[in-house]
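Undergrad:
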Amino acid sequence: MEKRVTFRGWLLPLALIAPQVIISAVFFFYPAGQAVWQSLFIPDPFGLSSQYVGLGNFEFLLSDKFYRASFVTTAIFSTLVTLCSMIPALFLAVIADRLIKGSGVYRTLLIWPYAVAPAVAGVLWLFMFNTRVGVVSWYLGQLGYDWNHVLNGTEAMGLVVVASAWGRISYNFLFFFAALQSVPRSVIEAAAIDGARFWRRFFTIVLPLLSPTAFFLLVVNVVYAFFETFGVIHTITGGGPQQSTTILVYKVFSDGFVGQDLGSSSAQSVILLIVVGLLTVIQFKYVEKRVHY
Amino acid sequence: MKKNFLGALAVTTALSPVAAMAQTEVQFWHAFTGRLGELVKAQVEEFNASQDEFVVVESHKGNYSETLNAGIAAFRASEQPHILMVFEVGTATMMSAEGAIKPVHEVMAESGASFDPDAYIGAVKGYYTTTDGDMLSLPFNSSTPVLWVNRDAFEAAGVDPDTDLSTWEKVGDVLEQLKAGGEDCPLVTAWQSWIHLENLSAYHDVPFASQDNGFAGLDTELMLNGPAQVAHLTAMGDWAKDGKFIYTGRRNEGGANFRAGECALFTESSAGYAGISSEAEFDFDVRPLPYWEAVISEPQNTIIGGASLWVMEGHEAEEYKGVGEFLSFLSSSDVQANWHQNTGYLPITADAGEVTRAAGFYEQNPGTDIAVIQMTTKEPTANSKGLRLGSFDQIRGIIDEELEAVWSGEKTAQEAMDSAKERGDTLLRRFESANQ
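Each protein sequence line maps, in turn, to chains A and B. Residue numbers for the first sequence follow the UniProt record's numbering, beginning at 1 and rising by one. Residue numbers for the second sequence follow the UniProt record's numbering, beginning at 1 and rising by one.
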């Protein structure tokens, strides 16, 4: 018989969950509700008057080919950021896990980049690749490659992806490393005795056992790429050249806080909310089936 | 002694607003940091020390966009300052905000402070007055684009630094010579839309937008895809392709290249003076912005960039009196002359220009009066009074994007400007419907 502790009465349990409920309500439900409500209007910036347009803001957005192009940009950007932050992290975690001596030092050093705020990381990378004073662009110039992310959209995309993924590698490394530590040694040793080499052991035993962690990181990293990379884009490219790095969340900011178009900005954040919600549902429905807990 | 006491009082009131019960407090939000921030602070301290009825409290609220946002957010929360600094592209947004702003001419009339609208330079105040001539906001920092020349780079490339650079035709030839002489960066620019489209249009007396560049109504459409603009951008695009014009970014990134001595020519605001004169380790020169001889025989005036001070609605009459006194103080000749000489911004009154000339400043610092001359020799026309377009910050973003397509050779100038017009007009229609 399972032993269960239950509360007597309602007061204490309600009081205990109240902080979480209040925080969610104040910082999530209320603003999200406001965004949905405002997306139905075209207000003037000062809130002096506003005009009800129904779904007009959504129509305006979806008929704009640059907004639709921004979906493709976002898809490319998020995929690249997720891959570039997870694969190197896994690789580094595997290597660090094999170390017997000095792994503590590596672990500590590898976690540092996570402590750097995205906007600051953006500035650091911008300095390295600055077309005039950048160290990396200077070396590339020596090799005969003319780096110019100010005009070249592909290079600009590459730069914001690297700058966004860089700090994230640390975060992912931490999770992968912890997960690797919990893979039972006995299973690996048994496989080794059976003659399986390192990479075979890795793909047939370790990777499946890491799948819950990998899945969790996939969800978290996609959300990161969608929402939190704003600072990097803002400091490095400002969405340019042309619109090659204008991702959805950056457009929410620039239309709302630069353009003072709060109706369109609200509608965009509602669309973004729906997109990320759908993505998460898809991930849970299809990808999670392949995850072994 | 009394002066010191008041200065100290001003400082303590800035720290604790509660202490300012006796004096009427006026909040002033601005976007200046660094040297400019210090100069603003000095102006405010001087005003506070000059009388004991009002205390102006200045606070920095971030860059231009952030300051405007802070003002808007504060208004929505009924916490707005008395005076808000708004950059010139936010002018249409502020103008349309009836009920949020109190026009400066009204404030001055009610407060009884001395105010003579005719004292202000036409091309400066024109940007901020209604078509009837009523001043809506007080011009604060205004500059206009000029051509900066690195004389040493000219000599290194074997080109005479005193060569005539008055027209773009001549500049085109010089760029060719500079390139042939081994110059890697013949021409660089800052603020491309402001200089190479907005000012280009005014300078050649062609419209940038219909309805007198938006002054006559919200139902305005962009006209930046006209032949004069397209011809200029085509030439610039060709120069970019040949490595004669180097694109460095949407804002004033090119300034770093020029100040480091890497570029020969630089189109930038006259307010670049402070930075260039303190950093440049080469011989430099200021010239008027070039024009196309093929388009106009004698150029019109250029237009301004910068910011103005808006008075916000919703305060007590007594406080507006203080606002009036402060704005009147800022417009006084000595304050303006100082500001003009320290920053390279234009003086907002003709008097301040005279005071500066009389003090011999232009002789000691040759070229500093070029911007003033370029703005004032001709009476502004409907095409050169300024621009008043809604969502203009965003429209500039669109123009930046389209120009990048021209510089990289992906679009012709005509294609890019047609697209900029189409995209910009969509935003103008949206602004129109939001402000009906």
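Cβ coordinates follow ideal geometry from the N, Cα and C atoms, glycine included.
Is there a C-beta anywhere in chain B that falls below 8 Å from the one on D261 (chain A)?
TA: As a first step, residue 261 (chain A) is located in the first sequence; it is residue number 261 there, counting from the start. Interface residue, yes.
Undergrad: Report the three-state DSSP secondary structure of T349 (chain B) (helix, strand or coil).
TA: Reading the second sequence from its first residue, position 349 is the one you call residue 349 (chain B). The answer is strand: DSSP assigns T349 (chain B) an E or B state.
Undergrad: Considering only DSSP beta bridges, list what S24 (chain A) is partnered with.
TA: Along the first sequence, one-based indexing puts residue 24 (chain A) at 24. S24 (chain A) is not bridged to any residue.
Undergrad: Take the Cβ of G314 (chain B) as the centre, count every other Cβ of all protein chains shown within 10 Å, and call the residue buried at 16 or more, exposed below.
TA: Position 314 of the second sequence holds residue 314 (chain B). Burial call: exposed.
Undergrad: Hey, would you say S331 (chain B) sits closer than 8 Å to S143 (chain B), going by beta carbons?
TA: In the second sequence, residue 331 (chain B) corresponds to position 331, counting from 1. In the second sequence, residue 143 (chain B) corresponds to position 143, counting from 1. Contact flag unset, no.
Undergrad: Give the secondary structure of Q27 (chain B) by DSSP, where H, G and I count as helix, E and B as strand, and everything else as coil.
TA: Here residue 27 (chain B) is taken as the residue at index 27 of the second sequence, counted from 1. Note: Q27 (chain B) maps to strand in three-state DSSP.
Undergrad: Restricting to runs no shorter than 4 residues, where is the alpha helix (DSSP H) found entirely within the stretch 82–152 of chain B?
TA: Those alpha helix (DSSP H) runs which fall completely within the stretch 82–152 of chain B and span 4+ residues are 91–95, 104–111 and 122–125.
Undergrad: On the premise that P145 (chain B) lies in contact with L289 (chain B), defined as a C-beta separation below 8 Å, what is that separation, rounded to the nearest angstrom?
TA: Here residue 289 (chain B) is taken as the residue at index 289 of the second sequence, counted from 1. Here residue 145 (chain B) is taken as the residue at index 145 of the second sequence, counted from 1. L289 (chain B) to P145 (chain B), Cβ: 5 Å. Contact.
Undergrad: Could you tell me the distance, in whole angstroms, from the CA atom of A32 (chain A) to the CA atom of G71 (chain B)?
TA: Your numbering for residue 32 (chain A) matches position 32 in the first sequence. Your numbering for residue 71 (chain B) matches position 71 in the second sequence. Answer to the nearest angstrom: the Cα atoms are 24 Å apart.
Undergrad: I need the DSSP call for M1 (chain B), collapsed to helix, strand or coil.
TA: Along the second sequence, one-based indexing puts residue 1 (chain B) at 1. Bear in mind that the predicted position of M1 (chain B) carries a pLDDT of just 39, short of 50, making it too unreliable to give a figure here.
Undergrad: Quick one: using the 10 Å Cβ neighbour count with 16 as the cut-off for buried, is G360 (chain B) buried or exposed?
TA: Translated into positions along the second sequence, residue 360 (chain B) becomes position 360. Classification of G360 (chain B): exposed, given that the 10 Å Cβ count is below 16.
Undergrad: For a cutoff of 8 Å on Cβ pairs, would you count L124 (chain A) as touching chain D?
TA: The structure shown has no chain D; the protein chains it does contain are A and B.
Undergrad: In the DSSP assignment, the alpha helix (DSSP H) including D261 (chain A) goes from what residue to what residue?
TA: Position 261 of the first sequence holds residue 261 (chain A). Unbroken run through D261 (chain A): none, as it is neither H nor E.
Undergrad: Does the separation of the CB atoms of F41 (chain A) and S50 (chain A) fall below 8 Å?
TA: Position 41 of the first sequence, counting from 1, holds the residue named residue 41 (chain A). Position 50 of the first sequence, counting from 1, holds the residue named residue 50 (chain A). Their beta carbons are under 8 Å apart, which means F41 (chain A) touches S50 (chain A) by this criterion.
Undergrad: In the DSSP assignment, find the beta strand (DSSP E) that holds W112 (chain A) and state where it starts and stops.
TA: Numbered from 1 along the first sequence, position 112 holds the residue referred to as residue 112 (chain A). W112 (chain A) -> no beta strand (DSSP E), and no H or E assigned at all.
Undergrad: With DSSP run on the structure shown, which of helix, strand or coil describes A294 (chain B)?
TA: Counted from its first residue, the second sequence places residue 294 (chain B) at position 294. Correct three-state label for A294 (chain B): coil.
Undergrad: Identify, in the order they occur along the chain, each residue of the same chain with its Cβ nearer than 8 Å to the Cβ of V40 (chain B), setting aside the five sequence neighbours on each side.
TA: Within the second sequence, numbered from 1, the residue matching residue 40 (chain B) stands at position 40. Hits under 8 Å: H30, F32 and E58.
Undergrad: At a Cβ cut of 7 Å, what residues of the stretch 237–264 of chain B count as close to chain A, listed as they run along the chain?
TA: Going along the stretch 237–264 of chain B in chain order, one finds Y247, T248, G249, R250, A256 and N257 with a Cβ nearer than 7 Å to chain A.
Undergrad: Could you check the C-alpha separation between R8 (chain A) and P19 (chain A) for me, to the nearest Å?
TA: By one-based count along the first sequence, residue 8 (chain A) stands at place 8. By one-based count along the first sequence, residue 19 (chain A) stands at place 19. So the alpha carbons of these two residues sit roughly 20 Å apart.
Undergrad: Is there contact between the stretch 320–331 of chain B and the stretch 103–123 of chain B, where contact requires at least three CB pairs shorter than 8 Å?
TA: In short, these stretches touch, since the Cβ pair count reaches three.
Undergrad: So the alpha helix (DSSP H) R76 (chain B) belongs to, where does it begin and stop?
TA: Here residue 76 (chain B) is taken as the residue at index 76 of the second sequence, counted from 1. Looking at the DSSP string, the run of the alpha helix (DSSP H) that includes R76 (chain B) is Y64 to R76.
Undergrad: Indicate whether A264 (chain B) and N150 (chain B) have their beta-carbon atoms separated by less than 8 Å.
TA: Counting from 1 along the second sequence, the entry for residue 264 (chain B) is found at position 264. Counting from 1 along the second sequence, the entry for residue 150 (chain B) is found at position 150. Cβ distance < 8 Å, so A264 (chain B) and N150 (chain B) count as in contact.
Undergrad: Tell me the DSSP bridge mates of I304 (chain B)?
TA: By 1-based counting over the second sequence, the position of residue 304 (chain B) is 304. Paired residues: none, contrary to the question.
Undergrad: Let me check understanding here. Comparing Cα to Cα, which of B:A371, B:D400 and B:P103 lies closest to R423 (chain B)?
TA: Numbered from 1 along the second sequence, position 423 holds the residue referred to as residue 423 (chain B). Taking only the C-alpha atoms, the option nearest R423 (chain B) is B:D400.
Undergrad: By how many angstroms is the C-alpha of Q142 (chain A) removed from the C-alpha of I111 (chain A)?
TA: What you label residue 111 (chain A) is simply residue 111 of the first sequence in a count that begins at 1. What you label residue 142 (chain A) is simply residue 142 of the first sequence in a count that begins at 1. Near 32 Å, if we compare the C-alpha coordinates of Q142 (chain A) and I111 (chain A).
Undergrad: T163 (chain B) by DSSP, collapsed to three states: which one?
TA: To locate residue 163 (chain B), count along the second sequence from 1; it is residue 163. Coil.
Undergrad: Using the Cα positions of A96 (chain A) and I169 (chain A), report the straight-line distance between them to the nearest angstrom.
TA: Numbered from 1 along the first sequence, position 96 holds the residue referred to as residue 96 (chain A). Numbered from 1 along the first sequence, position 169 holds the residue referred to as residue 169 (chain A). A96 (chain A) and I169 (chain A): Cα-Cα distance of roughly 14 Å.
Undergrad: For A8 (chain B), name the three-state secondary structure that DSSP assigns.
TA: The residue labelled residue 8 (chain B) in the question sits at position 8 within the second sequence. Low local confidence applies: a pLDDT of 48 at A8 (chain B) is under 50, so the model's placement there is unreliable, with the coordinate-based value given in what follows. A8 (chain B): helix per DSSP, three-state reduction.
Undergrad: Suppose you measure from the CA of V81 (chain A) to the CA of E25 (chain B); what does that come to, to the nearest Å?
TA: Locating residue 81 (chain A) in the first sequence gives position 81, where the first residue counts as 1. Locating residue 25 (chain B) in the second sequence gives position 25, where the first residue counts as 1. Taking the straight line from one Cα to the other gives about 51 Å.
Undergrad: Taking DSSP as the reference, what is the three-state secondary structure of H60 (chain B)?
TA: On the second sequence, residue 60 (chain B) is found 60 positions in, with the first residue counted as 1. The answer is strand: DSSP assigns H60 (chain B) an E or B state.
Undergrad: Does R132 (chain A) have its Cβ less than 8 Å from a Cβ in chain B?
TA: Taking the first sequence and counting its residues from 1, the one referred to as residue 132 (chain A) is at position 132. It does; some Cβ of chain B falls within 8 Å.
Undergrad: Decide if K289 (chain A) is buried, meaning its Cβ has at least 16 other Cβ atoms within 10 Å, or exposed.
TA: Taking the first residue of the first sequence as 1, we reach residue 289 (chain A) at position 289. Exposed, since its Cβ has fewer than 16 Cβ neighbours within 10 Å.
Undergrad: From T67 (chain B) to R107 (chain A), what does the alpha carbon distance come to, in whole angstroms?
TA: Residue mapping note: residue 67 (chain B) aligns to position 67 of the second sequence, counting from 1. Residue mapping note: residue 107 (chain A) aligns to position 107 of the first sequence, counting from 1. Approximately 43 Å between the Cα atoms of the pair.
Undergrad: Taking all protein chains shown into account, do 16 or more other C-beta atoms lie within 10 angstroms of the C-beta of Y67 (chain A), making it buried, or fewer, making it exposed?
TA: Counting from 1 along the first sequence, the entry for residue 67 (chain A) is found at position 67. With 16 or more Cβ atoms within 10 Å of its Cβ, Y67 (chain A) is classed as buried.
Undergrad: Return the CA-CA distance between F326 (chain B) and V44 (chain B), expressed in angstroms with no decimal places.
TA: Along the second sequence, one-based indexing puts residue 326 (chain B) at 326. Along the second sequence, one-based indexing puts residue 44 (chain B) at 44. Going by the C-alpha atoms only, they are around 8 Å apart.
Undergrad: Curious, which full-length alpha helix (DSSP H) runs of at least 4 residues does the stretch 222–280 of chain A contain?
TA: Counting whole runs of 4 or more residues, the stretch 222–280 of chain A contains the alpha helix (DSSP H) stretches 230–236 and 248–253.
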